[in-house]
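Colleague: To start, I am sharing the structure in question, which I have written as structure tokens.
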Amino acid sequence: MRLSRSLIPTLKENPAEAQIASHRLMLRAGLVRQTASGIYAWLPAGWRVLQNIANIVREEQDRVGCQELLMPTIQSAELWRQSGRYDAYGAEMLRLADRHGRELLYGPTNEEMLADLMRQSVKSYRELPQTLYHIQWKFRDEMRPRFGVMRGREFLMKDGYSFDLDYEGAVVSYRKQMLAYMRIFQRLGVKAIPMVADTGPIGGDLSHEFIILAPTGESQVFYDAAYEAMDFTKEAVDHESPADLERFFGEVTKNYAATDEKHDEAVWAQVSEQREGRGIEVGHIFYFGTKYSAPMGLTVAGKDGSQIVPHMGSYGVGVSRLVGALIEAHHDEAGIIWPDSVAPFPAVIVNLKVGDAGCDALCNEAYAAFGGRALLDDREDRAGVKFADADLMGHPWQIVVGPRGAANGMVELKRRATGEKVELSLADALAKIL
RNA sequence: CGGGGCGUGGCGCAGCCUGGUAGCGCAUCUGCUUUGGGAGCAGAGGGCCGGAGGUUCGAAUCCUCUCGCCCCGACCA
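For reference, each letter of the first sequence is one residue, going 19 to 452 in our numbering.
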């Protein structure tokens, strides 16, 4: 992408409405613009980040055997009456009516809809278990939206739903999600710790929330240092093996981790390597049995012809919230520091002297090497402006091309995370990045 | 939803109390100079002061209503 032809409107000054770092930086780096309270337009760079995160979530869901589908944002009130939640959900649900006066709603979640789809088509125990998910916009009419995208009203969420024949099966599905989630957060470049959680308005008795450690997080968290050393990206766990999953699950949940609401001083005192910090909830998984399948009449035939009511679980990841959460975890005074896995561009190529034949040629060569996926700062601005914007936007790598080195094919390569700069040939620089 | 605050060129703000033809910084455009960490000089464009009523010879300014946004609290992926 050529910056001179991109809608990436960076801001030099802090917008008055943004209070926390991630909100300020998302506006200043030109990732989003608010269009109404708690509702944001995702501009090109922000949209890239959002898609990068969604793709990692997607890959890890698929890897443990889940199926992706896409359900609509608008749902019929009728479905929610069947589960009893139409009245129970309250003012957080955005209710609409079409021209015929039929009652609709903008979905805050999809348990009813997927239970409905399943009851239409799944008839036999032979067809279970299954876990389905989609990545779709949700709307919850928060009383007070705040913190930018972290607490918006419209948000992008991955929500998954498992269907099993019994409790034992549901536990296996639940553990698969635990595995997928640990991998997701590790790939996103953040420490996310599973903490035992309340099940909230949806109900159930097996529930974990995933908390990203970030200095500006909303809740105080206490955890065992053992979580810092865990590595879940290795293919050490066979998700097809219940025994392996059980071992993994035990491993992940055996150490102490709690938010301040669930904090237990007595147990905490036993932890040898204590860590305290702030955290942001970015995921939540829970088992809730037949809470929806039963009232909605979802049944399958068992071996003996009996009717089995499947046990369900729900698994959410706040995809758009993660954009803010990642920035909370990765920024400094100058701007965002993107993890490589989600950065909108792997690198920015900074042309310090647009119009200089040597600089232009070397920049074009670098740009081509990325197949156009890098960002080329070809604006006719001063060096300082470009450096400041590059730091603000947080590209993992900066390839700085100036007239001094361009004559000899040399560039300066800067690593945003460390600030380390080295002079080398373009070929060597590309070799380090690609 | 309770309490507080703010709406004035794209962004950040002053002006309002004490009515009199709308101002500053940044950004934008033109020219010249400058050129490796947010340049200098000169000039230019851009705002029915959130909206609607009212008071007044005259309203950004005073009064009433309304809409929007932000902050603190109770609630949430």
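Each residue gets a CB set at the ideal place from its N, CA and C atoms; glycine is no exception.
All values reported here derive from a predicted model rather than from experimental measurement.
(1) Comparing alpha-carbon positions, which option in 384, 370, 299 and 366 lies nearest residue 342?
(2) Once the 5 residues before and after residue 145 are set aside, which same chain residues still bring their CB inside 8 Å of it?
(3) Is the region 348-361 touching the region 311-330 in the sense that three or more CB pairs, one from each, lie closer than 8 Å?
(4) In this structure, what does DSSP give as the bridge partners for residue 299?
(5) Using 7 Å as the threshold, is the C-beta distance between residue 240 and residue 200 below it?
(6) Does the Cβ of residue 389 have 16 or more other Cβ atoms within 10 Å, making it buried, or fewer, making it exposed?
(7) Suppose the cutoff is 6 Å on Cβ atoms and the five residues either side in sequence are ignored; what does the same chain contact list for residue 461 look like?
(8) From what residue to what residue does the beta strand (DSSP E) around residue 152 run?
(9) Going by other Cβ atoms of all chains shown within 10 Å of its Cβ, with 16 needed for buried, is residue 98 buried or exposed?
(10) Just tell me which of 283, 69 and 281 has its CA closest to the CA of residue 49.
(11) Taking the alpha carbon of residue 159 as the point to measure from, which residue in 184, 96 and 114 has its own alpha carbon closest?
(12) So residue 123 packs on residue 100, CB below 8 Å; how close in whole Å?
(13) Determine, using beta carbons only, whether residue 376 and residue 425 come nearer to each other than 7 Å.
(14) Determine the extent of the beta strand (DSSP E) in which residue 417 is found, giving its start and end residues.
(15) Per DSSP, residue 242 forms a beta bridge with which residues?
(16) For residue 311 and residue 129, what's the separation of their Cα atoms in angstroms?
(17) Once DSSP output is grouped into helix, strand and coil, what is the label at residue 60?
(18) Report the rounded CA-to-CA distance for residue 451 versus residue 353, giving the unit in angstroms.
(19) Is the beta carbon of residue 426 within less than 6 Å of some heavy atom of the ligand GDP?
(20) What residue range is occupied by the uninterrupted beta strand (DSSP E) comprising residue 24?
(21) In chain order, what are the residue ranges of uninterrupted alpha helix (DSSP H) at least 4 long that sit wholly in the region 318-365?
(22) Taking the continuous beta strand (DSSP E) assigned at residue 211, which residues delimit it?
(23) For the 8 Å Cβ check, are there 3 or more pairs between the region 163-181 and the region 56-67?
(24) Here's the rule I'm using: 16 or more other beta-carbon atoms within 10 Å means buried, otherwise exposed. How should residue 27 be labelled?
(25) Check the C-beta distance from residue 349 over to residue 43 and give it rounded, since I have them as a contact under 8 Å.
(26) Near residue 418, which residues of its chain fall below 7 Å by C-beta distance, leaving aside the five closest residues on each side in sequence?
(27) Would you call the CB atoms of residue 104 and residue 95 closer than 7 Å?
(28) Report the rounded CA-to-CA distance for residue 181 versus residue 139, giving the unit in angstroms.
(29) Which two residues bound the contiguous alpha helix (DSSP H) that contains residue 165?
(30) Would you check if there are 3 or more beta carbon pairs closer than 8 Å linking the region 70-87 to the region 373-387?
(31) Taking the alpha-carbon positions, what's the residue 222 to residue 184 distance?
(32) Identify whether residue 179 lies in helix, strand or coil by the three-state DSSP scheme.
(33) Within the region 378-422, note down every full alpha helix (DSSP H) run reaching 4 residues or more, in order along the chain.
(34) Taking its Cβ as the centre, do 16 or more other Cβ atoms sit within 10 Å of residue 196, making it buried, or is it exposed?
(35) Which same chain residues, not among the five before or five after residue 52, have their C-beta less than 7 Å away from its C-beta?
(36) Do you know how far the Cα of residue 260 is from the Cα of residue 443?
Modeller: The relevant details are as follows:
(1) For the purposes of this step, residue 342 is taken as residue 324 along the first sequence, with counting starting at 1. Among 384, 370, 299 and 366, the Cα nearest to that of residue 342 is on 299.
(2) Stepping through the first sequence from its first residue, residue 145 is reached at position 127. Once the five neighbours on either side are set aside, the close Cβ partners of residue 145 are 318.
(3) With a cut-off of 8 Å, the region 348-361 and the region 311-330 do not count as touching, because too few Cβ pairs lie within range.
(4) Here residue 299 refers to the residue found at position 281 when the first sequence is read from its first residue. Answer is 229, bridged to residue 299.
(5) Within the first sequence, numbered from 1, the residue matching residue 240 stands at position 222. Within the first sequence, numbered from 1, the residue matching residue 200 stands at position 182. No, they are not a contact pair.
(6) On the first sequence, residue 389 is found 371 positions in, with the first residue counted as 1. By the neighbour-count criterion, in which 16 or more other beta carbons inside 10 Å mark a residue as buried, residue 389 falls on the exposed side.
(7) It is not possible to answer for residue 461, since the shown part of the chain is limited to 19 through 452.
(8) Translated into positions along the first sequence, residue 152 becomes position 134. Counting along the chain, the beta strand (DSSP E) containing residue 152 begins and ends at 148-157.
(9) As a position in the first sequence, residue 98 is number 80, starting the count at 1. The residue in question, residue 98, is buried, as its Cβ has 16 or more Cβ neighbours within 10 Å.
(10) Numbered from 1 along the first sequence, position 31 holds the residue referred to as residue 49. For residue 49, the nearest C-alpha among the options comes from 69.
(11) As a working mapping, residue 159 is identified with position 141 in the first sequence. Distance from the Cα of residue 159 is smallest, within the candidate group 184, 96 and 114, for 114.
(12) In the first sequence, residue 123 corresponds to position 105, counting from 1. In the first sequence, residue 100 corresponds to position 82, counting from 1. Distance from residue 123 to residue 100 at the Cβ level is roughly 13 Å; contact not present, criterion being Cβ atoms closer than 8 Å.
(13) For the purposes of this step, residue 376 is identified with residue 358 of the first sequence, where counting begins at 1. For the purposes of this step, residue 425 is identified with residue 407 of the first sequence, where counting begins at 1. Yes; because the gap between Cβ atoms is below 7 Å, this pair is in contact.
(14) Here residue 417 corresponds to residue number 399 of the first sequence, with the count starting at 1. Residue 417 -> beta strand (DSSP E) spans 415-419.
(15) Reading the first sequence from its first residue, position 224 is the one you call residue 242. 292.
(16) Within the first sequence, residue 311 is the residue found at index 293, counting from 1. Within the first sequence, residue 129 is the residue found at index 111, counting from 1. Cα to Cα, residue 311 sits roughly 9 Å from residue 129.
(17) Sequence index remark: in the first sequence, residue 60 carries index 42 (1-based). If DSSP states are grouped into helix, strand and coil, residue 60 belongs with the strands.
(18) In the first sequence, the residue the question calls residue 451 occupies position 433. In the first sequence, the residue the question calls residue 353 occupies position 335. The alpha-carbon atoms of residue 451 and residue 353 are separated by roughly 21 Å.
(19) The ligand content of the structure shown is nil, which means the ligand GDP is not present either.
(20) Taking the first sequence and counting its residues from 1, the one referred to as residue 24 is at position 6. If you look at residue 24, you'll find it isn't in any beta strand (DSSP E); DSSP assigns it neither H nor E.
(21) For the region 318-365, whole alpha helix (DSSP H) runs of length 4 or above, ordered along the chain, are 337-347.
(22) The sequence position of residue 211 within the first sequence is 193, counting from 1. Residues 210-214.
(23) Touching, yes.
(24) Start at 1 with the first residue of the first sequence, and residue 27 comes out as number 9. Within 10 angstroms of the beta-carbon of residue 27 lie fewer than 16 other beta-carbons, which makes it exposed.
(25) Translated into positions along the first sequence, residue 349 becomes position 331. Translated into positions along the first sequence, residue 43 becomes position 25. Residue 349 to residue 43, Cβ: 6 Å. Contact.
(26) Counted from its first residue, the first sequence places residue 418 at position 400. Here residue 418 has 368, 370, 429, 430 and 432 as same chain residues with Cβ atoms under 7 Å from its own Cβ, once five neighbours each way along the sequence are excluded.
(27) Start at 1 with the first residue of the first sequence, and residue 104 comes out as number 86. Start at 1 with the first residue of the first sequence, and residue 95 comes out as number 77. Yes, the pair counts as a contact, with Cβ atoms nearer than the cut-off.
(28) Against the first sequence, residue 181 aligns to sequence position 163. Against the first sequence, residue 139 aligns to sequence position 121. Rounded to whole angstroms, residue 181 to residue 139 spans 13 Å at the Cα level.
(29) Position 147 of the first sequence holds residue 165. Here residue 165 belongs to no alpha helix (DSSP H), and DSSP marks it neither H nor E.
(30) Too few Cβ pairs lie closer than 8 Å, so no.
(31) What you label residue 222 is simply residue 204 of the first sequence in a count that begins at 1. What you label residue 184 is simply residue 166 of the first sequence in a count that begins at 1. Here the model assigns residue 222 a pLDDT of 49, short of 50, so the residue's position is not dependable, and the following value carries that caveat. Roughly 14 Å between the two C-alpha positions.
(32) On the first sequence, residue 179 is found 161 positions in, with the first residue counted as 1. In this structure, residue 179 counts as strand in the three-state DSSP scheme.
(33) Segments of the alpha helix (DSSP H) lying fully in the region 378-422: 401-411.
(34) Taking the first sequence and counting its residues from 1, one reaches residue 196 at position 178. Buried is the call here.
(35) Stepping through the first sequence from its first residue, residue 52 is reached at position 34. If you ignore the 5 residues before and after residue 52, its C-beta comes within less than 7 Å of the C-beta of 58, all in its own chain and listed in chain order.
(36) Along the first sequence, read from residue 1 onward, the residue named residue 443 stands at position 425. Along the first sequence, read from residue 1 onward, the residue named residue 260 stands at position 242. The alpha-carbon of residue 443 is positioned some 52 Å away from that of residue 260.
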